[in-house]
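In the working numbering, the protein residues as written are 432 to 956. Think of the CB as a built atom: it goes at the ideal place given N, C-alpha and C, for glycine as much as any other residue.
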């Protein structure tokens, strides 16, 4: 089997082609899903907009509104654009971030496979598998945070490979008898900064960064840079994401009082709870559902081949960079073992590693075969699935709440019929998506008393009637929200409020005036 050789010329056109293809397909997908009213159908898409908006639009605006359950970068990037009411209500600014991130991810992944494999057909096959995934195309058409994570992690890993290769070449030139001019030392900060930003975007970036750093160290060491020297060099990269982690832990402690929030926002009802084998099966099954079983099985075989190539040949140790992208599987595996409800979108990130592993296997084939195999890959993709539609797993998951959303409109109408500007008590942890929905009726985040406003929230929990004229309670999802649980334990919690209307799992309670008083503005007798 002939060995692939690195591309002798920088494949500058490949990243540009990949970015253009991703932008074109992404634009088509964005228009399609917007026409289907699915841009904000997923509750997390709306919740991300709320967290970004509340940094400036809140009863207590400021940096503490960034919060610490979700990582901060997506909300900080969108904090100013989302203050535009139209962009907040439609999610436009978040969608633009997702689309550009998707293009950056496609370009970086194509470049990485091209540089590792030395094969343009292999890189194009990787690109095709990556961009022809309906669930991934849907995510980049929404304000969700997965596309930004992909753009930053894949770009960071690609830059890390570039830096590692540059360091290997530099140290080779120092060997006795080598008369080549010593190359300049490559900069460590681009890879470090990108990976640090990724670690501030989603938790999946943490294991990916650790895995990629380990691959970089192994590559340097096996290329005879030296054990200790390799560690010292990789530390130049690692200090960036480590610094980002420390900053996040400080932010978390300052905003929510805990160094790291690991629970309390879901009920452990997964069948894989404390069952590691079942959790592993769920991850594999999820990849098969979102990527398609031909891609999943080919990727599994490709991962084994890439692993073996790196084990037996030191000059192919860098191939493991594509395996590092599979580090994203660590988070859903841990979540499922911890009892987190199964969510299909957690496995969508694995498509990057799957596409890259398949591309690397194609590069091992005889050169004359590769174009034909590329055509086979394109044919399988075309037959096996459609790039757009309403039935793919992620799109179907995003529609779970649509019926509830329609019912909640009646609750909103009921609220607006009585509301005259008074504060509304609500648990943002459970109803952030509904808070965003009410923006179309003129409500802003500053009209709500929620967890993010500090002491006023705790005072309102002690005496809701004293601080709020309305209370919105989530009564179904995850066993009900905090307000529902408090009302169940203490029937007097909502004393002085009348349950006025309900729908979509949400109940509206309206404060009643004291006996003998006429109802004031916004209050019902």
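Of the residues the options, the one placed nearest residue i, counting alpha carbons only
| i | options | result |
| --- | --- | --- |
| residue 404 | 940, 467, 632 | Not covered by the structure: residue 404. The range shown for the chain is 432 to 956. |
| residue 928 | 916, 934, 913, 898 | 898 |
| residue 851 | 762, 620, 942 | 942 |
| residue 779 | 837, 713, 485, 622 | 713 |
| residue 671 | 729, 620, 654, 901 | 620 |
| residue 865 | 445, 450, 592, 471 | 471 |
| residue 812 | 573, 721, 507, 916 | 721 |
| residue 900 | 915, 882, 930, 596 | 930 |
| residue 939 | 913, 884, 857 | 857 |
| residue 624 | 774, 594, 614 | 594 |
| residue 574 | 557, 546, 519 | 519 |
| residue 830 | 707, 475, 642, 521 | 475 |
| residue 489 | 460, 728, 884 | 884 |
| residue 675 | 498, 738, 637, 510 | 637 |
| residue 776 | 567, 887, 513 | 567 |
| residue 510 | 517, 497, 642 | 497 |
| residue 863 | 924, 846, 882 | 882 |
| residue 895 | 463, 924, 816 | 924 |
| residue 387 | 913, 753, 521 | No answer is possible for residue 387: it lies beyond the span of the chain, which begins at 432 and ends at 956. |
| residue 545 | 516, 799, 786 | 786 |
| residue 626 | 592, 528, 614 | 592 |
Close Cβ partners of residue i (< 7 Å) along its chain, the five nearest in sequence each way excluded
| i | result |
| --- | --- |
| residue 435 | Only weak support exists for where residue 435 lies, its pLDDT of 49 falling under 50; the value from the coordinates is given anyway. Around residue 435: 548, 549, 550, 794, 795. |
| residue 809 | 559 |
| residue 936 | 835, 905, 906, 907, 908 |
| residue 562 | 452, 453, 456, 537 |
| residue 760 | 714, 781 |
| residue 555 | 805 |
| residue 661 | 648, 651, 652 |
| residue 505 | 479, 576, 579, 632 |
| residue 707 | 768 |
| residue 448 | none |
Same chain, Cβ closer than 8 Å to residue i, neighbours up to 5 away in sequence not counted
| i | result |
| --- | --- |
| residue 585 | 535, 536, 539, 540, 543, 756, 783 |
| residue 919 | 911 |
| residue 598 | 616, 617, 651, 656, 664 |
| residue 467 | 821 |
| residue 748 | 646, 649, 650, 653, 654, 741 |
| residue 948 | Any reading at residue 948 must be qualified, since the residue scores a pLDDT of 47, below 50, and its modelled position is unreliable; the value itself is stated next. Closer than 8 Å at Cβ, skipping near neighbours: no residue. |
| residue 450 | 534, 535, 537, 538 |
| residue 634 | 502, 762 |
| residue 880 | 490, 854, 855, 856, 857, 887, 888, 891, 898, 899 |
| residue 736 | 788, 791, 792, 795 |
| residue 711 | 764 |
For residue i: DSSP bridge partner residues
| i | result |
| --- | --- |
| residue 930 | 940 |
| residue 903 | 857, 939 |
| residue 880 | 856 |
Cutoff 6 Å; reference residue i; Cβ partners in own chain excluding five residues on either side
| i | result |
| --- | --- |
| residue 867 | 477, 480, 481 |
| residue 552 | 801, 802, 805 |
| residue 684 | 690 |
| residue 826 | 569 |
| residue 704 | 770 |
| residue 668 | 619, 622, 623 |
| residue 926 | none |
| residue 876 | 484, 485, 488, 489 |
| residue 512 | 518, 524 |
| residue 564 | 782 |
| residue 572 | 460, 461, 464 |
Burial state of residue i (16 or more Cβ within 10 Å)
| i | result |
| --- | --- |
| residue 530 | buried |
| residue 700 | exposed |
| residue 588 | buried |
| residue 445 | buried |
| residue 889 | exposed |
| residue 724 | exposed |
| residue 503 | buried |
| residue 871 | exposed |
| residue 590 | buried |
| residue 789 | buried |
| residue 729 | buried |
| residue 873 | exposed |
| residue 797 | exposed |
| residue 921 | exposed |
| residue 443 | exposed |
| residue 903 | buried |
Inset, instruction - Decide yes or no for the touch test of the stretch 621-636 against the stretch 674-681: beta carbon pairs closer than 8 Å, at least 3 of them. - result: Between the stretch 621-636 and the stretch 674-681, the count of Cβ pairs shorter than 8 Å is three or higher; the stretches touch.
Inset, instruction - For the stretch 837-848 and the stretch 566-582, state whether three or more C-beta atom pairs, one from each stretch, are separated by less than 8 Å. - result: no
Legend entry - Validate contact between the stretch 759-779 and the stretch 699-716 using beta carbons, cut 8 Å, 3 pairs: yes
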